[in-house]
Amino acid sequence: MSSRRAPPSLATAATAILAVLAAALVTTGARAQMCGAQANGAKCANCLCFSRFGFCGSTADHCGAGCQSQCSGCGNTPTGAKAVASIVSRELFERLLLHRNDASCLARGFYTYDAFLAAAAAFPAFAGTTLSTNTRKREVAAFLGQTSHETIGGWPTAPDGPYSWGYCLKRDRDPPSDYCEPREEWPCAPDKQYYGRGPIQLSYNYNYGPAGRAIGVDLLNQPELVETDPVVSFKTALWFWMTPRGNKPSSHSVITGQWRRTLADLAAGRFPGYGMITNIINGGLVWAMCKRPHVWVLIFPFHFS
């Protein structure tokens, strides 16, 4: 969530993000797996419902009338976590973030699938089941694509390319300042720094304060939790994703089609796509991307299918 890094070339970034989005679409087949009586009692993965016809899923058709088993999930899996798990499986998560636990990644072992689901449980509207399946997939893919870009740890000649190394960083490696901006409502704690941390690289006291309040953690006095507690770290990223600020909508409302542009937005050429989300996260540094409709088409070709 920092405006201090120059963005990569459009073509390179778009290609990398497209790979994430394309992989996310693979999950369509996962929800069609056979289960229940039609498959000798086999159970669906990720606590998905067994439909009356023996297919796995989390929609009303799967969990409603005639549902065979796991109709309300299984174990203690919260609704929000179950919804996200139905979109991105553990296997897909590992595949998308292929090198995050590589020895050369500073955040190796930190960003786990379980921590991601635990954080998602606190934000049930994120890829929520009230949305269409395609919209839910698009939101999860966009979130992972953006946060992968924010935490890239690859280099030009890295195996599988530099953009296959998302989630390699959990903090700014060389912060130029403490990112403390005097605010009456969100005062900086003595000797604390608010540089970029976590999947979204949460920065500045005026973001740590409200993020902490929203998730029930005092991040003004304990900002380091964003780089030491993986669930807190993911929660701050999801909070930023779900929350509008100033004159900007939330990334959630943009990617789910809920954002309605104002006359000022129309005049500025702001389009409801990936470029707008990039601007929400990184500010004016990449504002030009929002003014180019072809960028949206390039990154989300399946949106028009």
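What the sequence shown shows, in mature numbering (1 follows the signal peptide of the UniProt record, and there is no 0), is residues -32 to -1, 1 to 273, in sequence order. We put the CB at the ideal spot given by N, CA and C, even for glycine. Keep in mind the model is a prediction, meaning the values are calculated, not measured.
- Of the candidates Tyr147, Leu112, Thr98, Leu112 places its Cα closest to the Cα of leucine 64.
- Counting every other CB atom within 10 Å of its CB across the protein chains shown gives glutamine 114 a total of 16 or more, marking it as buried.
- Listed in chain order, the non-local C-beta contacts of threonine 103 below 6 Å within the same chain comprise Thr224, local neighbours out to five positions each way being set aside.
- Nearest in C-alpha terms to aspartate 70, of all of Cys24, Leu137, His117, is Leu137.
- Within the stretch 102 to 170, no run of beta strand (DSSP E) at least 3 residues long lies entirely inside it.
- Under the three-pair Cβ rule at 8 Å, the stretch 166 to 175 counts as touching the stretch 188 to 200.
- A residue is called buried once 16 or more other Cβ atoms fall within 10 Å of its Cβ, and glycine 122 is buried on that count.
- Between proline 130 and alanine 88, the alpha-carbon positions lie close to 27 Å from each other.
- Excluding five sequence positions before and after lysine 203, the CB atoms of its chain that fall closer than 7 Å to its own CB belong to Ala87, Ala90, Ile183, given in chain order.
- In this chain, the alpha helix (DSSP H) harbouring isoleucine 223 covers 219 to 223.
- The Cβ atoms of cysteine 73 and glutamine 38 lie no closer than 8 Å to each other.
- In this structure, leucine 16 and glycine 25 form a Cβ contact; the two beta carbons are roughly 6 Å apart against a cut-off of 8 Å.
- Burial of proline 240 is indicated by the presence of at least 16 other C-beta atoms within 10 angstroms of its C-beta.
- Leaving aside the five residues that flank histidine 220 on each side, the residues in its chain whose CB is nearer than 8 Å to its CB run, in chain order, Ala93, Phe94, Glu107, Trp209, Met210, Gln226.
- Proline 178: member of the alpha helix (DSSP H) spanning 173 to 183, first to last residue.
- In this structure proline 198 is buried. Its beta-carbon is surrounded by 16 or more other beta-carbon atoms within 10 angstroms.
- Annotation: the continuous alpha helix (DSSP H) that includes phenylalanine 61 extends over 58 to 64.
- By the C-beta density criterion, asparagine 175 is buried, having at least 16 other C-beta atoms within 10 angstroms.
- Around the beta carbon of threonine 97, 16 or more other beta carbons lie within 10 angstroms, which makes this residue buried.
- Excluding sequence positions up to five before and after tyrosine 147, its CB lies within less than 6 Å of the CB of Tyr162, Tyr163, Ser171, Tyr172, all in the same chain and listed in chain order.
- No residue range can be given for isoleucine 55, since it is assigned to no alpha helix (DSSP H) and is classified by DSSP as neither H nor E.
- Where tryptophan 227 is concerned, there is no enclosing alpha helix (DSSP H), because DSSP gives it neither an H nor an E.
- Ranked by Cα distance from arginine 68, the options Leu85, Ala126, Ala109, Asn247 are led by Ala126.
- For threonine 211, no alpha helix (DSSP H) encloses it, and the DSSP letter there is neither H nor E.
- Counting only the Cα atoms, glycine 34 lies some 42 Å from serine 132.
- Short of 6 Å from the beta carbon of arginine 76, and not among the five residues preceding or following it, lie these beta carbons of its own chain, in chain order: Asn69.
- Valine 222 is not a Cβ neighbour of isoleucine 249, given a cutoff of 8 Å.
- Residue environment for arginine 228: exposed (fewer than 16 other C-beta atoms within 10 angstroms of its C-beta).
- Residues Pro191 of the same chain have their beta carbon placed closer than 6 Å to that of lysine 160, with the five preceding and five following residues left out of the count.
- Between phenylalanine 61 and threonine 230, the alpha-carbon positions lie close to 36 Å from each other.
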